Amino acid sequence: MDDTTTLHLGSLPGPIPQGANLLDDGSGATFKVWAPAAREVRLRWDYRQNSAGDWHHQQEARLQKLDGGHWDGFVPGLAAGERYMFYVVGPEGGTDGVKRDPYARDLTDNPAWPDCQCLLCDPGRFLWHDAGYRASPYHELIIYQLHIGTWFIPRDKDKGSFLDVMEQLPYLKSLGINAIQPLPVVEFPTMFSLGYNGVDYFSPETDYGVQKDDPALDDHLQAANELLQQVDPSLTPYTRQDIEGTANQLRLLVDLCHLHGIAVILDVVYNHAGGSFTDQGLYFFDGQPRGNQNDSLYFTDRGWAGGLVFAYWKDEVKQFLIDNALFYLDEYHVDGFRYDEVSVIRNEGGEHGRLFCQYVTDTCHHVKPQAIHIAEHWPVEDPIVRPTAAGGSGFDAIQNDGLREALRDAIREAAAGRTAFVDMERIARELGSPRLTDDWRAVQCSENHDIVYCGRGQRIARMADGSDSRSWYARSRSRVALALTLTAPGIPHIFMGQEFLEDKQWHDEPGSAFQIWWDGLTSDRSMADFLRFSRELITLRRNRPGLKGTGLNVFHVHNANRLLAFQRWVPGEGHDVVVIASLSENSYHDYRVGFPAAGHWREVFNSDVYDHWVNPWVTGNSGSVYASSNGMHGLPASASLHIPANGLLVFARE
Numbered sequence: 093m094d095d096t097t098t099l100h101l102g103s104l105p106g107p108i109p110q111g112a113n114l115l116d117d118g119s120g121a122t123f124k125v126w127a128p129a130a131r132e133v134r135l136r137w138d139y140r141q142n143s144a145g146d147w148h149h150q151q152e153a154r155l156q157k158l159d160g161g162h163w164d165g166f167v168p169g170l171a172a173g174e175r176y177m178f179y180v181v182g183p184e185g186g187t188d189g190v191k192r193d194p195y196a197r198d199l200t201d202n203p204a205w206p207d208c209q210c211l212l213c214d215p216g217r218f219l220w221h222d223a224g225y226r227a228s229p230y231h232e233l234i235i236y237q238l239h240i241g242t243w244f245i246p247r248d249k250d251k252g253s254f255l256d257v258m259e260q261l262p263y264l265k266s267l268g269i270n271a272i273q274p275l276p277v278v279e280f281p282t283m284f285s286l287g288y289n290g291v292d293y294f295s296p297e298t299d300y301g302v303q304k305d306d307p308a309l310d311d312h313l314q315a316a317n318e319l320l321q322q323v324d325p326s327l328t329p330y331t332r333q334d335i336e337g338t339a340n341q342l343r344l345l346v347d348l349c350h351l352h353g354i355a356v357i358l359d360v361v362y363n364h365a366g367g368s369f370t371d372q373g374l375y376f377f378d379g380q381p382r383g384n385q386n387d388s389l390y391f392t393d394r395g396w397a398g399g400l401v402f403a404y405w406k407d408e409v410k411q412f413l414i415d416n417a418l419f420y421l422d423e424y425h426v427d428g429f430r431y432d433e434v435s436v437i438r439n440e441g442g443e444h445g446r447l448f449c450q451y452v453t454d455t456c457h458h459v460k461p462q463a464i465h466i467a468e469h470w471p472v473e474d475p476i477v478r479p480t481a482a483g484g485s486g487f488d489a490i491q492n493d494g495l496r497e498a499l500r501d502a503i504r505e506a507a508a509g510r511t512a513f514v515d516m517e518r519i520a521r522e523l524g525s526p527r528l529t530d531d532w533r534a535v536q537c538s539e540n541h542d543i544v545y546c547g548r549g550q551r552i553a554r555m556a557d558g559s560d561s562r563s564w565y566a567r568s569r570s571r572v573a574l575a576l577t578l579t580a581p582g583i584p585h586i587f588m589g590q591e592f593l594e595d596k597q598w599h600d601e602p603g604s605a606f607q608i609w610w611d612g613l614t615s616d617r618s619m620a621d622f623l624r625f626s627r628e629l630i631t632l633r634r635n636r637p638g639l640k641g642t643g644l645n646v647f648h649v650h651n652a653n654r655l656l657a658f659q660r661w662v663p664g665e666g667h668d669v670v671v672i673a674s675l676s677e678n679s680y681h682d683y684r685v686g687f688p689a690a691g692h693w694r695e696v697f698n699s700d701v702y703d704h705w706v707n708p709w710v711t712g713n714s715g716s717v718y719a720s721s722n723g724m725h726g727l728p729a730s731a732s733l734h735i736p737a738n739g740l741l742v743f744a745r746e
């Protein structure tokens, strides 16, 4: 075909989807793109490399124009792996309008490089094994947030990858979490990134992939099949085809996560895109003359986080973002999303932004009802997690800063010394997430990627003792902060490294001085002990229905004593637990507190045990207490307790 040929669809059945899609019968591929201002759109394919190493297309043809500013065509004989690009001639002409497909499933290289092309993919060729998997109910989730490029970097590499995360699944499973939340994984143009400057929304970040000519890929394939066989020896092994390409490597990670009982919640950025745009991407895609940012097709003239806010008033833009969410639910089997800065969508998008939130949550709930949708919205507002039928935005949960800031401030106050004021009453107020009708919808944390990023807030261990992040003060206060996160109502969220007392802020640049210190688990007893604490605390959360229920009664709080006590339970069923938390530097003996019922209560958790495991000087209650019928603190019974300094106790009725 030459450049005078126009591609036609003929009598192909059904509507043609956006992007490049192989037909089920293997006869070729359809192509469709939205470029309303363009005078002409061409498809280029059959890219080959010359002797100088440069890539050039050998085939080119025009797409046919449709109503609504869309263009499409059909090329027979194309197969998976074909490289392609669009060429867009703008309304005023132009000399170089080469564009990547906004719906491209995979790219050959970083989009900042001139030789980056789109890859024609067949997602149906990947061998999935997760047919029987279903993520835990929302209120039972324990989320672990990580950054693919820097969470775990093998000694012989300069950055992490999807496959490196895959190989650490036994660690994540042993930790006990049941969901991971990677920072955004879509293509970004810079060498290193948090991921919030994405430019190619359907393509996983190529820097997180392992190239098919890399000898390490065979080792990763062997590791993947070993993980597969450990779960079920009868499962069909992965092949080289299943692990080649960045897109397949992300699929493989999700598949094996599911087989290990771990959900995957993607962090998506639907409030803005970019930070730096090239001429080949979404920016001014249909060739409008530069100048007015509102002519850039997908965007407005409103800036955010170095990029541009999406133009929600255009139905095609709303559909593009909804298609993106559905794409990851369908082709990657993900279990939900964390939506970055929904407040920007609503504030900058106005009524159209509000409608977009409703459209995307309603559509996704219809397609995959069990998938969770977590909003980041400041301030925390109940309408965000209200059903759309009741006028809300339809999200299932929301990141909560109330308890987070109360905990962080209390740790900071406690670090000022034994006579300093510590606001335990504020923690007590925020345990129930008072800004929300349903407190189980609050995602609770004391650290996340924003708060402890380099140059921002400190890690809890460093806040707990600014002079020595490995001191008893740092260790014990850090245990209280994490334990309150995991015993509070809501969905607990742990940031990478927090589970073993990482004290450094983090950075998205591999090789920086802010990388997670994995070696500390074998050389630093404090870190190893803290990891044991975290694992057993997570196990407690998962195994105690009362800690996952919605019942909450904060029945005792005492600022001067730096102590609070609360009851958790499942309404209508019971499963009561009592939690006692202290940030006092002194242990209390014979401290009497209320209990929900008289009788024996077993001490099922004591944070003090984990200091120099097993702590020979532990302050505790010899495994159980007896609550008499003498009521106290508004409860019908009470017991006298030994409460460790900077400690947390959990009691349960057996």
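Each position in the sequence shown, counted from 1, maps to that position plus 92 in the numbering used here. The beta-carbon is built from N, C-alpha and C at its ideal position, and this holds for glycine as well. Just so we're clear, the structure is a prediction, and the values are computed from it rather than from any experiment.
Residues sharing a beta bridge with residue i, DSSP
i: Y176; result: W137 and C210
i: W598; result: Y545
i: K191; result: F178
i: K460; result: In the DSSP output, where bridge partners are listed per residue, K460 has none listed.
i: F402; result: F391
i: T35; result: Outside the shown range of the chain (93 to 746) lies residue 35, about which nothing can therefore be said.
Span of the beta strand (DSSP E), counted from its first residue to its last, around residue i
i: W693; result: G691 to N698
i: P274; result: A271 to P274
i: F166; result: H162 to P168
i: P262; result: Counting along the chain, P262 falls outside any beta strand (DSSP E), though it belongs to the alpha helix (DSSP H) covering L261 to L267.
i: D359; result: L358 to V360
C-alpha distance - residue i paired with residue j, whole-angstrom precision
i: L313; j: R247; result: 19 Å
i: D515; j: D621; result: 28 Å
i: M93; j: L199; result: Because the pLDDT of M93 is 48, which lies under 50, any placement of that residue in the model is unreliable, and the question is left without a value.
i: W610; j: G395; result: 38 Å
i: V649; j: L578; result: 19 Å
i: D334; j: N270; result: 25 Å
i: G169; j: M619; result: 57 Å
i: L656; j: D501; result: 16 Å
i: S561; j: N384; result: 51 Å
i: D146; j: V572; result: 58 Å
i: L523; j: L211; result: 49 Å
i: P183; j: P381; result: 8 Å
i: V361; j: P688; result: 45 Å
i: P728; j: V670; result: 14 Å
i: L255; j: S285; result: 18 Å
i: V291; j: Q209; result: 14 Å
i: Q341; j: I234; result: 24 Å
i: C213; j: Y420; result: 15 Å
i: D511; j: L741; result: Asp is not the amino acid found at residue 511; the sequence shown has Thr there. If you take the alpha carbons of T511 and L741, they lie about 23 Å apart.
i: P461; j: D427; result: 10 Å
i: S721; j: A690; result: 5 Å
i: H734; j: Y683; result: 7 Å
i: E279; j: C546; result: 23 Å
i: Q303; j: N651; result: 57 Å
i: A127; j: H162; result: 6 Å
Limits of the alpha helix (DSSP H) - the one that residue i falls within
i: P637; result: P637 to K640
i: D310; result: A308 to V323
i: L348; result: T338 to L351
i: K410; result: D407 to E423
CA nearest to the CA of residue i, picked from the options
i: A605; options: K596, D611 and G612; result: K596
i: A172; options: V181, N270, R217 and P128; result: R217
i: A489; options: G182, S676, P203 and F429; result: F429
i: F244; options: P107, N540 and I608; result: I608
i: F697; options: D542, S626 and F280; result: S626
i: A482; options: W709, R554, Q450 and Q110; result: Q450
i: R140; options: M177, N707, E184 and T98; result: M177
i: Y195; options: S253, G106 and E408; result: E408
i: H149; options: G161, Y179 and T282; result: Y179
i: N678; options: T122, P736, F658 and R745; result: P736
i: L374; options: R496, P274, P325 and D193; result: D193
i: V434; options: M555, G379, Q303 and V401; result: V401
Contact with chain D by residue i, beta-carbon distance below 9 Å
i: A308; result: In summary, chain D is missing from the structure at hand, where a single protein chain is found.
Handout entry: the segment 343 to 357 contacting the segment 224 to 239, beta-carbon criterion three pairs below 8 Å
Key = yes
Exercise for the section: Answer yes if the segment 697 to 717 comes into contact with the segment 637 to 646, meaning at least three C-beta pairs across the two stretches below 8 Å, and no otherwise. Expected result: no
Exercise for the section: Decide if the segment 461 to 471 is in contact with the segment 495 to 505; the criterion is three or more beta carbon pairs, one per stretch, under 8 Å apart. Expected result: no
Exercise for the section: Count the CB pairs spanning the segment 441 to 459 and the segment 411 to 418 that are closer than 8 Å, and state whether there are at least three. Expected result: yes
Handout entry: Cβ contact check for the segment 286 to 299 and the segment 317 to 324: 3 or more pairs under 8 Å
Key = no
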